[in-house]
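Notes follow once the structure below has been shown.
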Amino acid sequence: MNGLSFSDYLSQNRTDIIVRTQQHALLSFYCVALATILGLLIAISVYRSNIKTNFTVSTAAVVFTLPSVALFGFLVSVVGYGLAAVFPVVVAYAMLPIIRNGIVGLQSADPAVLDAARGMGVGSFRMLWQIRLPIAWPVILAGVRVSAQLTVGVVAIAAFVTPVGLGEYGYDALDNLGSVNTKSEAIVCIIFVALVALVFDAVFVVIRRFTTPRGSRA
Amino acid sequence: MPESPVQTTDEHQPARGVPIVLKDLTKHYPGQEKAAVDAINMHIPAGEIVAIVGPSGCGKTTTMRMINRLIEPTSGVIEIGGEDVTKLDDVQLRRRIGYVIQQIGLIPHLSIAANVALVPKLLKWDKKRTRDRVDEMLSVVGLDPEQYRHRYPRQLSGGQQQRVGVARALAADPPIMLMDEPFGAVDPITRSRLQETLRKTIVFVTHDFDEALKLGDRIAVLREGSQIAQYDTPEQILATPADEFVESFIGEGAALKRLHFERVDSLDLGAEPDAQPSREVVDVSSTLHAALDLMVGKGLRSVTVAKDGRPVGVVRIDDILSRVHTTGDADQVEA
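So the sequences go chain by chain: A and B.
Read in numbering that gives the first Met the number 0, the first sequence has 14 at position 15, and its numbers run on one by one without any break.
Read in numbering that gives the first Met the number 0, the second sequence has 17 at position 18, and its numbers run on one by one without any break.
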């Protein structure tokens, strides 16, 4: 027997696909949001010191080289299956580009701008909030954008730990290798993950358009 | 917060300059054997432009940056308007001292208006007062507010940015201005409008002695460790340099530079019967330099001097040359 055609597979599993796509997008969103907050806090707390900056960036780079499946596996052995094993890993990956771009952005302000501002009585909190952060914003946003792309991919792998998101289709395809719907399952996984990533990217284009101060636009 | 001696006045009365006094002001960086600034003493009179000149690394910038405490002094006292400011909150203090730097440092993501409004905003002026003040300051520096208010620093030429930098420093009407290698920024604007009408006290640092001559009411020539080699008016420094160091700093052509500071009417203009009347005329208030320049340019040996448009005498090239000889001690002038 020939199983279902791809379009039949889509229409039969319509509800399920929509739910999983929503799960996937939401889980990615939460992880990126959390990673942005944590990543920026880390960047803000280290950017003034070269030693701390180097340490942070190289640590993050090391974390990045670890295979995500291994990390998921490790966390499952600690906290068991479920979202608790997903968040730390995804957020850790998502933070890397945000930390790196955050540091680069915060350090990128022209020293003359900072000196002139300080010389006229801009205090250190204002300097960060009203001068350094707005100047760094386009770079930070680019980091969050990369992070979002990355996260959508890693969340697909997280289905290994908890049956959430579009990654399920990928694992189903592997589990049922050779069965009639394998190909359709794999294609659904690929297309919809890519779709989520593209929508995220489009959102960032809009955010960038509306949050970049006019004076900073190239 | 302690009452600051460098209060800005209300909006109708521009703040006049106040004197600055440095007493044994010292900056010693840890790990360095010599002090960057070694017990400098200086009195900067209210409403004057004082140029601090010296070779690079002599501590002139450090000295200036200690006045608004961008660099904290190791010891010593800074008095502004008669009050010790070394104990005041440094951020509050800086809001009442104008600051202009060579690289300008306009905030790139803020409009020109927002840049100029920086200090008024920090001082929590109300919106209308800030807006009016921004327009006023842009006009003072020769930029049409209508045209420039909403632009961004990138969209302005270097010279225009410099003028915005001056407008920003003046926005909250500080009695004192500090300028680090300001070059063109001080030139036309500061000299005429700010100095002569507002009488701000201005301290500026430069390595260019000619700029110091041109702009300073007084010049402090510093050597290493911010030691004052000479602190005097440009005329006096040119006429009687304290030592070889100052002489070397004045450089070539001290005698000619001195002519910038002497007026035509400082010479005896008694109508010499043998002096040929000249069609070229200089005003009595012209400098000897201008008169000499005219003669050299036109190939004349004398020019008529006029007061209020009427001839009052004649200045001859020989008179100028003999003046150069009598006032210059060591300088030889090739005629």
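Beta carbons are placed, not taken as given, at the ideal position from N, Cα and C, and that holds for glycine.
Item, Value
"Residue range of the unbroken beta strand (DSSP E) whose run includes SER301 (chain B)", "301-306"
"Any chain A beta carbon closer than 9 Å to LEU293 (chain B)", "no"
"Beta-bridge pairing of PRO310 (chain B) - partner residues as DSSP gives them", "B:ALA305"
"Assigned secondary structure, HIS23 (chain A) (DSSP; H/G/I helix, E/B strand, else coil)", "helix"
"Interface flag, ARG213 (chain A) vs chain B, CB-CB below 9 Å", "yes"
"Continuous beta strand (DSSP E) stretch holding GLY46 (chain B): start and end", "Counting along the chain, GLY46 (chain B) falls outside any beta strand (DSSP E), and DSSP gives it neither H nor E."
"Supposed contact pair TYR230 (chain B) and ARG217 (chain B) - C-beta distance, whole angstroms, cut 8 Å", "7 Å"
"Beta-carbon spacing of VAL281 (chain B), VAL295 (chain B) below 9 Å", "no"
"Residue range of the unbroken alpha helix (DSSP H) whose run includes ASP89 (chain B)", "89-93"
"DSSP three-state assignment for PRO4 (chain B), whether helix, strand or coil", "Low confidence applies to PRO4 (chain B): its pLDDT is 48, below 50, so where it sits in the model is not reliable, and the reading given next is rough at best. Reduced to three states, the DSSP call for PRO4 (chain B) is coil."
"SER74 (chain B) - DSSP class collapsed to helix/strand/coil", "strand"
"LEU105 (chain B) versus GLN160 (chain B) - alpha carbon distance", "7 Å"
"Delimiting residues of the beta strand (DSSP E) encompassing THR200 (chain B)", "200-205"
"C-alpha gap between GLY141 (chain B) and GLU135 (chain B), whole angstroms", "10 Å"
"Residues of its chain near VAL195 (chain A), where Cβ-Cβ distance is below 8 Å and the 5 sequence neighbours each way are ignored", "THR20, HIS23, ALA24, SER27, VAL151 and LEU165"
"Proximal residues of chain A, C-beta to C-beta of GLY104 (chain B) below 8 Å", "ASP109, ALA111, VAL112, LEU113, ASP114, ALA115 and ALA116"
"Contact belief for ILE51 (chain B) with MET63 (chain B) at Cβ below 8 Å, rounded distance in angstroms", "6 Å"
"DSSP state of GLN154 (chain B) mapped onto helix, strand, coil", "helix"
"Pair within 9 Å by beta-carbon distance, LEU268 (chain B) and VAL283 (chain B)", "yes"
"CB contact below 9 Å: VAL311 (chain B) versus chain A", "no"
"Short CB-CB distance (under 9 Å) between VAL121 (chain A) and chain B", "yes"
"DSSP state of VAL84 (chain B) mapped onto helix, strand, coil", "coil"
"Contact with chain B by ILE134 (chain A), beta-carbon distance below 9 Å", "yes"
"Of the residues A:GLY101, A:PHE5 and A:GLY118, the one placed nearest VAL45 (chain A), counting alpha carbons only", "A:GLY101"
"Three CB pairs or more closer than 8 Å across the segment 123-134 of chain B and the segment 67-87 of chain B", "no"
"Inside the segment 104-180 of chain B only - beta strand (DSSP E) runs reaching at least 3 residues", "175-179"
"Interface residues of chain A facing LEU69 (chain B) [CB-CB closer than 7 Å]", "ARG117 and GLY118"
"CA nearest to the CA of ARG315 (chain B), picked from B:GLY308, B:ARG309, B:HIS288 and B:ASP307", "B:HIS288"
"Extent of the continuous alpha helix (DSSP H) run through GLN226 (chain B)", "Per DSSP, GLN226 (chain B) belongs to no alpha helix (DSSP H); it is in the beta strand (DSSP E), 226-231."
"Supposed contact pair ARG132 (chain B) and ALA170 (chain B) - C-beta distance, whole angstroms, cut 8 Å", "6 Å"
"Sub-9 Å separation of ALA253 (chain B) and PRO240 (chain B) beta-carbons", "yes"
"CB contact below 9 Å: HIS108 (chain B) versus chain A", "yes"
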